[in-house]
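The working numbering numbers the first residue of the sequence shown as -3 and each following residue consecutively.
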Amino acid sequence: MKVAIVSQAYFPIHGGVSEHVHHTALELEKLDHEVTIITANFNKNDKKYDNHMVRRVGFDLTLPSNGAFCNVTIGTKLPEQLRAIEKEKQFDIIHIHSPIDPVLPLVANQVLQAPKVGTFHTFKEASRGLELFRGPLMKYFDGLSGRIAVSVVAKEFTSKYFPGQYRIIPNGVDTERFSPTHDPIEEYDDDYNNLLFVGRLDPRKGLKYLLQAMPIIIATIPKTRLIIVGGGALQEYYRSYVIDEIKDKVIFTGFVPGEILPRYFTTADIFISPATQGESFGIVLLEAMASGVPIVASDIHGYNTVVEDGSEGFLIPKERPLKIAEKIIELLKQKRVRQAMAKNGRIKALNYSWPKVTKEIEKYYREILDRTTKQRKKGNNKQK
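Have a look at this one:
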């Protein structure tokens, strides 16, 4: 098959959707499909991430959304650029990520001719925007031949505004890249307990609640440090939550290159994700589990479908620093429990490997193409 993957989020922007696009493209190529990734021009670092699969159109505009930031691809020449790529490549199927988001997904839906599959990644409690624009967006939703949701909660959220049939195919994880076999970071390979947070420093990630828990944790178990991996404009804001007494035990690394990131996971004794909202799945939880690290995470939609409380880690009420501290201290005091959770997490993560996930996507592509072929033949017969 000749497959186009259209996504406004892609490298050099790091995040769950970028990882999803990257890994499914690689795995589809291994299955002998010809893949083209269509995404935005971001900045001068684009070329570092480009290969024969990537075609860039328009340019990126980054906007605040859902307690984080979203990428919007804009440009007056988007329609003609997309048509030219399709004319050259002759796609069999178009896979659009976040297909009802402006602008690139809507334009691709409108101008590209091959059958289209959309993947819905988003979960929110509600969306005023979708309520207001449901009518105009319905034609784009109806233009999809197939619809994928990455989780039950992503399906339930989207279905409130756009009811229809969805196939649930989860996000995946690179179980070779993220594994317990990597060497830890030398700087932190000592007799301290290492707590790890990984993510963009966005408000919805809940980092401030973990920082508020740290004085309690360190007062109980002094040889404990928190390593915060991730960039963002709010770093100085979060530094203000670190009291003087523990400043030397809270490390902000900033952005960490992808080739080094797995070593931070193997350095960790516990991975913590205190997110408060807007998580449809939780790829970072899978990365921790694949690395053999027990988890303390918020009991929110999208997380509680990945982690089973008491099995791969502990789920706690969101926005509760005391609960965060309590469960971290409990785990730090029980090495055997940590080891059991780490083992359970690794076993579960193997079920989410990208080869397995991509084969599910490939199977769905074939179903869609078979269906559209039958519909086309049926339509032709009626005209005779």
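In this text, a Cβ means the ideal position worked out from N, Cα and C, and glycines have one as well.
Fair warning: this is a prediction, and the values are worked out from it, not measured in the lab.
(message) Between the alpha carbons of VAL292 and GLU76, how many angstroms are there, rounded?
(response) Using only the alpha carbons, I get a separation of about 48 Å.
(request) Could you have a look at THR354 and say whether DSSP puts it in helix, strand or coil? (result) In the displayed model, THR354 falls within a helix according to three-state DSSP.
(message) Are the CB atoms of GLY54 and LEU22 within a distance shorter than 8 Å?
(response) No. Outside cutoff.
(request) Identify, in the order they occur along the chain, each residue of the same chain with its Cβ nearer than 7 Å to the Cβ of PHE119, setting aside the five sequence neighbours on each side. (result) Beyond the five residues adjoining it in sequence on each side, PHE119 comes within less than 7 Å, by CB distance, of VAL149, ALA150, PHE153, GLY274, GLU275, SER276, HIS297, GLY298 in the same chain, given in chain order.
(request) Name, in chain order, the residues that DSSP records as bridge partners for LEU57. (result) VAL68.
(request) Tell whether a beta-carbon distance below 8 Å holds between GLN161 and LEU197. (result) Not in contact: GLN161 and LEU197 (Cβ atoms no closer than 8 Å).
(request) Could you check which residue in ALA229, LEU203, PRO132, PRO253 has the C-alpha nearest to that of THR58? (result) Comparing Cα positions, the closest option is ALA229.
(request) Spatial neighbours of LEU365 within its chain, please: CB distance less than 7 Å, with the 5 preceding and 5 following residues excluded, ordered by chain position. (result) Annotation for LEU365: ASP88, ILE89, PRO111 place their beta carbon closer than 7 Å to its own, counting only its chain and skipping 5 residues before and after.
(message) Under DSSP, the beta strand (DSSP E) around LEU192 begins and ends at which residues?
(response) Counting along the chain, the beta strand (DSSP E) containing LEU192 begins and ends at 189 to 194.
(message) Suppose the cutoff is 7 Å on Cβ atoms and the five residues either side in sequence are ignored; what does the same chain contact list for VAL103 look like?
(response) Excluding sequence positions up to five before and after VAL103, its CB lies within less than 7 Å of the CB of LEU74, PRO75, LEU78, all in the same chain and listed in chain order.
(message) By DSSP's criteria, SER269 is part of a beta bridge. Which residues make up the other side?
(response) According to DSSP, SER269 shares a beta bridge with ALA293.
(message) Does ARG316 come out as helix, strand or coil in the three-state DSSP assignment?
(response) In the structure shown, ARG316 sits in coil (DSSP, three-state: anything other than H, G, I, E or B).
(request) Classify HIS48 as buried or exposed, calling it buried when 16 or more other Cβ atoms lie within 10 Å of its own Cβ. (result) HIS48 should be labelled exposed.
(request) Could you have a look at GLY228 and say whether DSSP puts it in helix, strand or coil? (result) Of the three classes helix, strand and coil, the one that applies to GLY228 here is coil, per DSSP.
(message) Helix, strand or coil, according to DSSP, for GLY274 in the structure here?
(response) Coil.
(message) I'd like to confirm the pairing. Which residues does DSSP put opposite ILE144 in its beta bridges?
(response) The bridge partners DSSP lists for ILE144 are THR115, ARG163.
(message) Within the continuous beta strand (DSSP E) that includes PHE387, where are the two ends?
(response) No information on residue 387 is available, as it lies outside the stretch -3 to 380 that the chain covers here.
(request) Compute the beta-carbon to beta-carbon distance between LEU281 and SER294, rounded to the nearest angstrom, for a pair I have assumed lies under 8 Å. (result) Actually they do not touch by this definition, with Cβ atoms about 11 Å apart.
(message) Quick check on ALA264: does DSSP put it in helix, strand or coil?
(response) Annotated three-state conformation of ALA264 is coil, per DSSP.
(message) On a Cα-Cα basis, can you pick out the residue from VAL289, TYR348, GLN208 that is closest to ARG332?
(response) Answer by Cα proximity: VAL289.
(request) Can you say whether TYR233 is buried or exposed, counting buried as having 16 or more other CB atoms within 10 angstroms of its CB? (result) The residue is exposed, with fewer than 16 neighbouring Cβ atoms inside 10 Å.
(request) Please determine if the region 249 to 263 and the region 170 to 189 are in contact, where contact requires at least 3 C-beta pairs separated by less than 8 Å. (result) Enough Cβ pairs lie closer than 8 Å, so yes.
(message) Taking CB distances under 8 Å as the criterion, tell me whether LYS374 reaches chain B.
(response) Chain labels in this structure do not include chain B; a single protein chain is all it has.
(message) Going by DSSP in three states, GLY173 sits in which element: helix, strand or coil?
(response) In the sequence under discussion, the amino acid at residue 173 is Arg, which differs from the Gly named in the question. If DSSP states are grouped into helix, strand and coil, ARG173 belongs with coil.
(request) Could you give the DSSP three-state label for SER307: helix, strand or coil? (result) In the structure shown, the three-state DSSP call for SER307 is coil.
(message) Which of the three DSSP states is assigned to SER14 in this structure?
(response) Note: SER14 maps to helix in three-state DSSP.
(request) Look up LYS(-2) in the DSSP assignment and say whether it is helix, strand or coil. (result) In this structure, DSSP gives LYS(-2) an extended state, which the three-state scheme calls strand.
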